[in-house]
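Worksheet for the structure shown next.
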Amino acid sequence: MNNPDKPVGKVSVKIIIRTILFLALIIAVIFISAGRLDYWQGWAYVGLSILFLILSYLLLSSELIHERLKPENGVKNWNKIFQKVSVPIFIAILVISSLDGARFNWYPQVPFYVIIIGILGFITGQIIFLRAKQVNRYFSSVVHIQTDRGQTVCKDGPYRRVRHPGYLGSLIYSVATPLILGSFWGLIPVMISLALLIIRTQMEDKTLQNELEGYTEYTREVKYKILPGIW
Numbered sequence: 006m007n008n009p010d011k012p013v014g015k016v017s018v019k020i021i022i023r024t025i026l027f028l029a030l031i032i033a034v035i036f037i038s039a040g041r042l043d044y045w046q047g048w049a050y051v052g053l054s055i056l057f058l059i060l061s062y063l064l065l066s067s068e069l070i071h072e073r074l075k076p077e078n079g080v081k082n083w084n085k086i087f088q089k090v091s092v093p094i095f096i097a098i099l100v101i102s103s104l105d106g107a108r109f110n111w112y113p114q115v116p117f118y119v120i121i122i123g124i125l126g127f128i129t130g131q132i133i134f135l136r137a138k139q140v141n142r143y144f145s146s147v148v149h150i151q152t153d154r155g156q157t158v159c160k161d162g163p164y165r166r167v168r169h170p171g172y173l174g175s176l177i178y179s180v181a182t183p184l185i186l187g188s189f190w191g192l193i194p195v196m197i198s199l200a201l202l203i204i205r206t207q208m209e210d211k212t213l214q215n216e217l218e219g220y221t222e223y224t225r226e227v228k229y230k231i232l233p234g235i236w
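Sequential numbering of the sequence shown, starting at 6, is according to our numbering.
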C-alpha cells in the first residue's frame, strides 16, 4: 500500500537520483583521496551518511521534501554566495581528512577513542538536524519567507531551546566529520565552515526579524541562536 505522506512519481525519482549522486560524490572523494579501499573510517562515514539519508526520507513529510526540491525563488543574494562556497569547503574537509587519515598520517595522529567520539558526535548532530526538520514544516536549505505557504514561527521541539537548531546539528556533525575520518588537520576547513555558519546565522536571524511576523517576539522568548547559554 502506498503511503500518502511520502513523495511518489517524479519527486521520488529526483530524490533517488540526487541521493545516489551525492553518495557517489562522497565515496569518490574519500577513497580517491585515501588511495585505498580498506579505509574503515571512510566506510564508517559513508555508512552513517546513508543511514541518515534513509531516516530523512522515512521520517520527513512529503510537503517538506517537495519544498526542498522546488526552484529557489526569492533567495537573498548573500545566501546564494554561501551556498556556492559551502560545496568546495565540504569537499575540502573530506579531501584533507582522507589524505591525512588514510594516506599520509600527518602528525598528530588521531587516537581510536577520538574516532569513536567523532562517530557519536556525528550521530548526535544528525539527530538534532533531523529533529529540526521534523518539527518545522517550513525548514529550508535557503533563506526565504514562504509566503505562499503561510509561514509562521516554529516554537516546537529543539526550537524551544535555540532559534536555529538545524545549524546547531550542522555544527556538531561538521566538527565530528574529520574525527571520524581520523584527522585533526581536516578541522582547518571545518573552522572556516563554522565561521561562515555564524555569519550566515546572524544574517538569517536579522532577515527573519525583519520579514517574518512574530519572529521578533520569538527572539525575546528564546534568547540563543545556536549554542544554549552561549550565543
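Note that beta-carbon positions come from the ideal geometry of N, C-alpha and C, so glycine has one too.
Would you be able to state if there are at least three C-beta pairs under 8 Å between the region 142-150 and the region 183-192? With a cut-off of 8 Å, the region 142-150 and the region 183-192 do not count as touching, because too few Cβ pairs lie within range.
| query | Does the beta-carbon distance from V167 to P233 come in below 8 Å? | reply | For V167 and P233, yes; Cβs fall inside 8 Å.
_By the three-class DSSP mapping on this structure, what secondary structure does S61 have?_
DSSP places S61 within a helical segment (H, G or I) once states are collapsed to three.
For this session: Starting from the C-beta of N141, find all residues in its chain whose C-beta is less than 6 Å away, skip the five residues before and the five after it, and write them out in chain order.
Result: C159, listed in sequence order.
- Between the region 121-128 and the region 49-64, do at least 3 Cβ pairs fall closer than 8 Å? Touching, yes.
* Kindly indicate the opening and closing residues of the alpha helix (DSSP H) around T212. => Looking at the DSSP string, the run of the alpha helix (DSSP H) that includes T212 is L192 to E216.
Can you tell me whether A39 is buried or exposed, with buried defined as 16 or more other CB within 10 angstroms of its CB? So A39 ends up on the buried side.
query: Does DSSP put S145 in a helix, a strand or coil?
result: If DSSP states are grouped into helix, strand and coil, S145 belongs with coil.
What would DSSP say about V51, mapped onto helix, strand or coil? Secondary structure at V51: helix, using DSSP grouped into helix, strand and coil.
Q | Within 8 Å, strictly: CB atoms of G174 and A137 | A | Contact flag set, yes.
Legend entry - Helix, strand or coil at T157 according to DSSP, with G and I counted as helix: In this structure, T157 counts as coil in the three-state DSSP scheme.
Tell me which same chain residues have a C-beta within less than 7 Å of the C-beta of G47, skipping the five on either side of it? I35, F36, A39, S103, A107 and L186, listed in sequence order.
Note to self: Just to confirm, is the Cβ distance from H169 to T206 under 8 Å?
What the structure shows: Yes, the pair counts as a contact, with Cβ atoms nearer than the cut-off.
**Prompt:** How is G187 classed by DSSP in three states: helix, strand or coil?
**Reply:** G187 carries a coil assignment under DSSP once its states are collapsed to helix, strand and coil.
Report task. Please work out which residues of its chain come closer than 7 Å, Cβ to Cβ, to Y172, disregarding the five sequence neighbours upstream and downstream, and give them in chain order. Result -> Its chain contains L202, T206 and I231 as the residues whose beta carbon lies nearer than 7 Å to that of Y172, once the 5 sequence neighbours on both sides are disregarded; these appear in chain order.
Discussion item. Can you tell me whether Y118 is helix, strand or coil according to DSSP?
Written reply: Looking at Y118 - three-state DSSP - the assignment turns out to be helix.
What do you get for P12, buried or exposed, if any count of 16 or more other CB atoms within 10 angstroms of its CB means buried? A caution first: P12 carries a pLDDT of 46, below 50, which makes its placement in the model too unreliable to give a value.
Self-check item: Simplified DSSP assignment, three categories, for V140
Solution: Look at V140 here: in three-state DSSP terms it is helix.
Alpha carbon to alpha carbon, what distance is there between L60 and V92?
Roughly 23 Å separates the two Cα atoms.
Report the residue from L58, F117, Y118 and R41 whose alpha carbon sits nearest the alpha carbon of F27. Of the residues L58, F117, Y118 and R41, the one whose Cα lies closest to the Cα of F27 is L58.
Taking the alpha carbon of E226 as the point to measure from, which residue in L217, A181, Y164 and N215 has its own alpha carbon closest? Comparing Cα positions, the closest option is Y164.
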